[in-house]
Structure formats: structure tokens, C-alpha cells
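These notes concern the structure reproduced below.
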Amino acid sequence: MPKSSPRPIPPALPCRTDVLISGAGPTGLTLAASLRRLGVDHVLLDRHDGVRPGSRAAAVQPRAMEYLDRIGVGAGLALEGRKGRGFCLHDGERPLLRASYDGLDTPHPYILLASQQTTEQHVARRLEELGGTVHREHRLLGVTPDFPGITATVAGPDGVLRAVTARYLVGCDGLHSTVRTAAGIAFPGEAPEQLFALADVRLKPGAEVAAHDDTTFFLSGAGLLLLSPLAGGLHRLVAPVPAGSAAPRAEDVEELLARRGPADGWARAEEVVAASVYRAQERVAERFRAGPVFLAGDAAHTHSPAGGQGMNTGIQDAGNLAWKLHAVLTGAAPGELLDSYHAERRPVAARLVAFTGQFARAATLSDPASGRLRNALLAAAATAPGVTDRLARTLAQLDIDYSREPDLGAPRPGTRVAPLDVPPDGLRWTLALPGPDTSQHGHRGKRHGPLTVRHVPDLKTTLLVRPDGYLAAAGVPADPCDVAARLSQYLPLPHPQ
Ligand SMILES: Cc1cc2nc3c(=O)[nH]c(=O)nc-3n(C[C@H](O)[C@H](O)[C@H](O)COP(=O)(O)OP(=O)(O)OC[C@H]3O[C@@H](n4cnc5c(N)ncnc54)[C@H](O)[C@@H]3O)c2cc1C
Numbered sequence: 001m002p003k004s005s006p007r008p009i010p011p012a013l014p015c016r017t018d019v020l021i022s023g024a025g026p027t028g029l030t031l032a033a034s035l036r037r038l039g040v041d042h043v044l045l046d047r048h049d050g051v052r053p054g055s056r057a058a059a060v061q062p063r064a065m066e067y068l069d070r071i072g073v074g075a076g077l078a079l080e081g082r083k084g085r086g087f088c089l090h091d092g093e094r095p096l097l098r099a100s101y102d103g104l105d106t107p108h109p110y111i112l113l114a115s116q117q118t119t120e121q122h123v124a125r126r127l128e129e130l131g132g133t134v135h136r137e138h139r140l141l142g143v144t145p146d147f148p149g150i151t152a153t154v155a156g157p158d159g160v161l162r163a164v165t166a167r168y169l170v171g172c173d174g175l176h177s178t179v180r181t182a183a184g185i186a187f188p189g190e191a192p193e194q195l196f197a198l199a200d201v202r203l204k205p206g207a208e209v210a211a212h213d214d215t216t217f218f219l220s221g222a223g224l225l226l227l228s229p230l231a232g233g234l235h236r237l238v239a240p241v242p243a244g245s246a247a248p249r250a251e252d253v254e255e256l257l258a259r260r261g262p263a264d265g266w267a268r269a270e271e272v273v274a275a276s277v278y279r280a281q282e283r284v285a286e287r288f289r290a291g292p293v294f295l296a297g298d299a300a301h302t303h304s305p306a307g308g309q310g311m312n313t314g315i316q317d318a319g320n321l322a323w324k325l326h327a328v329l330t331g332a333a334p335g336e337l338l339d340s341y342h343a344e345r346r347p348v349a350a351r352l353v354a355f356t357g358q359f360a361r362a363a364t365l366s367d368p369a370s371g372r373l374r375n376a377l378l379a380a381a382a383t384a385p386g387v388t389d390r391l392a393r394t395l396a397q398l399d400i401d402y403s404r405e406p407d408l409g410a411p412r413p414g415t416r417v418a419p420l421d422v423p424p425d426g427l428r429w430t431l432a433l434p435g436p437d438t439s440q441h442g443h444r445g446k447r448h449g450p451l452t453v454r455h456v457p458d459l460k461t462t463l464l465v466r467p468d469g470y471l472a473a474a475g476v477p478a479d480p481c482d483v484a485a486r487l488s489q490y491l492p493l494p495h496p497q
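Heads up: the sequence shown begins at 1 in the working numbering, then just goes up one per residue.
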């Protein structure tokens with residue numbers, strides 16, 4: 001028998017670091033890859049021995065793809081997924097409303113249908129390419145304050161307890177976050193009773209047309225059925241089921257398709273590849289920061305998975321926090337910059353939980369008369385100008401902004417700068433200057449300290465764009481040395497200096 005090659009010896013767990021990240025799901029991996037790209041010293045640990053299998057997130061939204069592009073993950077991931085074209089609401093055969101991603105102003109005008117596992121593998125691979133690592137089979141057990149940071153107790157695979165001292169700790173450790181509990185941060189919200197069945201299925205030939213390009217919600221008198229194309233020729237089916245139901249078998253899937261799906265009887269399942277039941281919780285952490293401790297991803301917010309938003313929101317939490325940690329740890333920004341993480345990301349999470357909760361409740365109405373009224377309202381809304389476009393932008397997460405100013409048509413700090421307008425340069429700041437590019441630097445732009453300078457022909461005023469793609473300031477001086485020297489003036493500080 002050929003000898004198997006020995007497993008590489010994992011690096012020893014450092015006892016001191018700038019940023020300790022607990023949890024290597026999509027949020028922790030994105031944060032670690034970002035910090036690695038920025039050159040920030042960190043330690044990423046996870047209690048499991050590898051990327052977890054199982055059917056969870058199945059879609060990467062355009063806004064998350066835009067951030068993943070910045071850390072060098074987007075292009076490779078886009079090649080592996082299937083490109084869905086939007087969301088659709090149906091009543092049996094009758095379309096009620098369609099939110100298409102086709103015309104969105106993003107380099108990724110589609111829902112990337114890729115399993116969470118695939119997404120995590122791509123980010124983990126990128127982290128490795130950048131020279132980073134995940135300390136697998138390391139469980140964070142507890143945290144004690146150790147001014148100005150913390151000391152965490154970590155159990156390794158050998159059962160030995162080790163102490164890791166860090167200036168900052170980020171809990172990316174999911175719904176049942178140990179970090180959140182240790183920091184005493186409340187996680188208020190609800191746990192609705194409604195149980196959902198989830199099945200990843202291979203439909204019989206011919207039946208794929210039921211949801212070929214769109215994630216489709218069938219809202220019939222018999223109840224909700226979500227049918228979404230997945231990578232690998234599969235479809236995901238999600239449906240509310242009575243309390244006590246077990247994971248759906250092939251015959252349950254057939255019945256759900258026949259009673260709630262496109263047309264009586266013709267959409268048939270050939271194979272159930274994975275099945276489970278779950279109950280969604282709707283919660284948002286009271287604080288996303290408590291001193292040196294931060295929460296990100298499911299540790300900070302959880303909601304109904306309908307609409308495919310959770311993992312995407314965690315990826316963007318990581319994007320918001322990474323450059324701020326870098327700026328503060330390098331002395332380029334005051335410590336208060338880190339308060340803007342809570343100020344910017346918590347309202348996003350609260351709005352998301354409210355939106356997905358309302359949608360889930362409307363989609364699962366049990367009274368037939370209310371269901372008919374809902375469907376009539378949806379069909380009417382679809383004909384109102386701009387409604388479906390706005391819905392597509394919301395689901396694609398392109399409408400997220402941190403602006404505190406009313407929209408009067410001028411560029412507002414805190415709003416997204418479309419990468420098609422001002423192309424990013426990794427996790428660097430971008431100074432966009434109006435006018436044609438006469439430099440030799442082409443699409444890479446010219447680098448000045450922390451800034452990349454780009455010329456954008458149709459721009460009306462200079463724009464300073466943050467490393468996470470949001471506008472820091474408009475109308476700033478055109479001299480990059482001047483802007484770089486005054487960068488701290490353009491930070492989203494609670495009380496501008
Ligand atoms: C059925 C289902 C369907 C979903 N569908 C979608 C979808 O279509 N789109 C979408 O965007 N989202 C979806 N989600 C949500 C998505 O799966 C989560 O939002 C996402 O996993 C959150 O990522 P995270 O990294 O924050 O947390 P997690 O993925 O939960 O990762 C947390 C990590 O922390 C580790 N950990 C926990 N405790 C410790 C500890 N004490 N020490 C060390 N490590 C620890 C865990 O091992 C884990 O690896 C779905 C979820 C479910 C359940």
C-alpha cells in the first residue's frame with residue numbers, strides 16, 4: 001500500500017496577538033483574510049477540524065461579491081457558482097412579482113448560487129495564499145479583561161488549556177457565541193415557533209424549468225414553497241411544516257411540490273441529496289462592541305434565511321471592521337473609529353432582521369383570505385414604477401448605506417460607491433479625480449501612501465472612497481499628499497475631530 005503523506009504540523013498557537021478571532025465560518029475567515037491582506041497581526045481559531053459540510057447558505061449576493069473582490073476571492077468563486085438572475089414570487093403558475101438582478105450597477109449582476117462550504121473553502125484558500133492560517137480544533141472557553149485588551153482561555157486538540165492575550169477579540173463564533181456570553185452582551189429577539197423543512201434535491205428531467213434562473217417563492221393557498229436553483233444541477237426546497245415534522249423524505253418533497261409548487265404533479269424529485277428541519281430565530285445583539293470585544297456575523301445577528309442574506313451580512317461586517325482595526329492599530333486613526341463599527345453595522349442588522357421577519361410572516365400566512373389579499377397586493381405592487389428594481393437592490397444588499405444625511409442628490413459620506421464607477425484597489429483608500437486618465441498607470445491607478453489615485457472621466461467632484469467601498473468624503477482636495485496627510489478628518493468618527 002502506498003504510504004499516505006503525513007499531515008502538515010499545524011503552527012503552534014501564539015500566546016499574544018493584536019486581534020484574536022474566534023470562529024472560522026464565513027465571517028471569521030473573511031475578517032482574517034482581510035487583516036492578513038492589511039498586514040495586521042491576528043490569530044484565527046475554530047473548534048472544528050475543517051470547513052463544515054451541510055446545507056446552509058446557498059447564495060452570495062452582489063454586495064458581498066464586491067467585498068470578496070477586494071480580498072481577491074470574488075473572481076475564483078464566481079467561476080464555481082451558478083448565476084441566478086433574481087427573485088420571483090408566484091401563485092402556482094401565475095407570476096406575481098419578479099425582482100431581476102440583470103440591470104444592477106455592479107460587476108456581479110447575479111445571485112451567485114454556491115454552497116456555503118464552497119464560499120468558505122475559497123476564502124480559506126485565499127487566507128492561506130496570503131500566508132495566514134486557521135488554528136483548527138481550538139475552542140475558546142472563556143475571556144477575562146486584561147487592560148487594555150483581553151486574555152482568552154483556549155482548549156487545544158491535545159486537551160491542554162492555553163492563554164492568548166490580545167488587544168482586541170472578535171466573536172465570529174455563530175449563533176451560540178461564547179464571546180457574546182463572556183462579554184455579557186444581550187441578544188434580545190424572538191424565536192418564532194414555525195418549523196421549516198429544507199431539502200436539496202435533484203429534480204426529474206424537465207422539472208428544472210420550475211425555477212431555472214430565479215429563486216422562486218410559490219405563495220399558494222396550500223402554503224409557502226421556496227424553490228431555488230443551486231450549483232451542481234440541484235434545487236433547494238424550503239417550506240413551513242407542522243411542529244414535530246421530521247426531515248423531509250422523497251415522498252414529502254413530492255407532496256410539497258405537488259400541493260404548493262408550480263403545477264399539479266409535474267415537478268418531481270429524482271433524489272433528495274440533503275434534508276433537515278430548522279427554526280429561525282430573530283435576534284440582534286444589543287451592542288456590537290464592548291470595549292476590546294466585537295461581535296460579527298451570526299454572533300451579532302440572526303434571522304430567517306429566506307432571502308439569502310445572513311452569510312452575506314457577516315462578510316460585510318468583517319469588511320467594515322477590518323480596515324478600522326488596521327487604522328487604529330497602526331496609529332492612523334483614533335480608537336473611537338472602532339465605535340463606528342457598532343454605529344454603522346447594528347442598524348443594518350436591525351433593518352435586515354425586521355425585513356426578513358416581515359417577509360417570512362407575510363409568506364407564511366395561514367388564513368386563505370389574507371393570502372389572496374397578499375397576492376393581489378404583490379401583483380399590484382409589481383406594476384408600480386421602481387418597486388421591483390428597489391426590491392432587487394435591497395436583496396442584492398446594494399442599498400446598504402451608513403449615511404446620516406438626507407438624499408438631496410449630492411454624494412453623501414457613508415453611501416456605497418459602485419466599483420463600476422470607481423474601481424477599487426484591494427483594501428486601499430481610493431481618491432477619484434474627475435477627468436481623463438493621462439497617467440501611465442492605467443487601470444491600476446497611482447499609489448500615494450495609503451491612497452490609490454484614479455481618474456474617472458464622468459465624475460463631477462473628487463471622491464474619497466474607504467477601503468470597504470463606502471464614500472468617506474466628496475469635494476476633497478485633488479492633491480493626494482494633502483488628502484493622505486489629513487485622512488483622519490474623513491473618518492466616520494462619532495464626534496468629528
Ligand atoms: C438552513 C439554513 C439556510 C441558510 N441559508 C442562507 C442563505 O441562503 N444565504 C445566507 O446568506 N445565509 C444563509 N444562512 C445563514 C448562514 O448560514 C449564516 O448566516 C452564516 O453561517 C454565518 O456565518 P458566521 O461565520 O457568522 O457563523 P457560523 O457559520 O456559525 O460560524 C461560526 C464558527 O465559529 C466556530 N465556533 C463556535 N464556537 C466556538 C468556540 N467557542 N471556539 C472556537 N470556535 C467556535 C464554529 O465552529 C463555526 O465554524 C442559512 C442558515 C441556515 C441554518
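Even for Gly, the Cβ is constructed at its ideal location relative to N, Cα and C.
Residue environment: V272 is assigned as buried (16 or more neighbouring CB atoms within 10 Å of its CB, all protein chains considered). Between A392 and Y101, the C-beta gap is smaller than 8 Å, which places the two residues in contact. Burial is judged here by how many other beta carbons sit within 10 angstroms of a residue's own beta carbon; L408 has fewer than 16 and is exposed.
Taking all protein chains in view, the Cβ of T356 is crowded by 16 or more other Cβ atoms within 10 Å, so the residue is classified as buried. For L391, the CB stays at least 7 Å from every heavy atom of ligand 1. By the neighbour-count criterion, in which 16 or more other beta carbons inside 10 Å mark a residue as buried, L225 falls on the buried side. Exposure of A163 is indicated by the presence of fewer than 16 other C-beta atoms within 10 angstroms of its C-beta.
The criterion of a C-beta distance shorter than 8 Å is not satisfied by R125 and P188. If you draw a 10 Å sphere on the C-beta of T215, you find 16 or more other C-beta atoms in it, and that means buried. Checking the 7 Å criterion, the Cβ of G308 is within range of a heavy atom belonging to ligand 1. At a threshold of 7 Å, Q116 counts as near ligand 1, since its beta carbon sits closer than that to one of the ligand's heavy atoms. The Cβ atoms of L104 and G81 lie no closer than 8 Å to each other. Taking the C-beta atoms as reference points, S34 is found nearer than 8 Å to A322. In this chain, the beta strand (DSSP E) harbouring A473 covers L471 to A474.
For V73, the secondary structure class from DSSP, reduced to helix, strand or coil, is coil. Counting C-beta atoms within 10 angstroms of its own C-beta, Q316 has 16 or more neighbours from the protein chains shown and is therefore classed as buried.
Within the same chain, and ignoring the five residues on either side of L420 in sequence, the residues whose Cβ sits closer than 8 Å to its Cβ are D105, T106 and P107.
Here A280 really is in contact with P192; their C-beta atoms are around 7 Å apart, less than 8 Å. Sequence-distant Cβ neighbours of R85 in its own chain, meaning closer than 8 Å and more than five residues away, are S100, Y101, D102, Y110, I111, D213 and D214. A check of alpha carbon separations from D437 across T430, G445 and L431 identifies G445 as the nearest. Taking all protein chains in view, the Cβ of H176 is surrounded by fewer than 16 other Cβ atoms within 10 Å, so the residue is classified as exposed.
Distance from the C-beta of R136 to the nearest heavy atom of ligand 1 is not below 7 Å. A distance criterion of 7 Å places the beta-carbon of L45 in contact range of ligand 1, judged by its closest non-hydrogen atom. Counting only runs of at least 4 residues, the segment 118-147 fully encloses no alpha helix (DSSP H) element at all. Where S276 is concerned, there is no enclosing alpha helix (DSSP H), although the beta strand (DSSP E) around it starts and stops at A269 to R279. Proximity of the beta carbon of A24 to ligand 1 is indicated: a heavy atom of the ligand is located closer than 7 Å. Apart from sequence neighbours up to five positions away, the residues of its chain that approach R36 with a beta-carbon distance below 7 Å are L127, L130, G131 and G132, ordered along the chain.
Judged by DSSP in its simplified three-state form, A290 adopts strand. Using a cutoff of 7 Å, the CB of M311 counts as near ligand 1, since one of the ligand's heavy atoms is closer than that. Approximately 5 Å separates the beta-carbon atoms of L141 and T153; this is inside 8 Å, confirming the contact. Taking one beta carbon from each stretch, the segment 56-66 and the segment 305-319 have 3 or more pairs nearer than 8 Å; the two touch.
The shortest CA-to-CA distance from D91 to any of A243, V387 and L378 is the one to L378. The continuous beta strand (DSSP E) containing L203 extends over residues L195 to L203. Residue range D339 to A363 is occupied by the alpha helix (DSSP H) that includes F355. Look at E66 here: in three-state DSSP terms it is helix. Bounds of any alpha helix (DSSP H) do not take in I150; it lies within the beta strand (DSSP E) bounded by G149 to A155.
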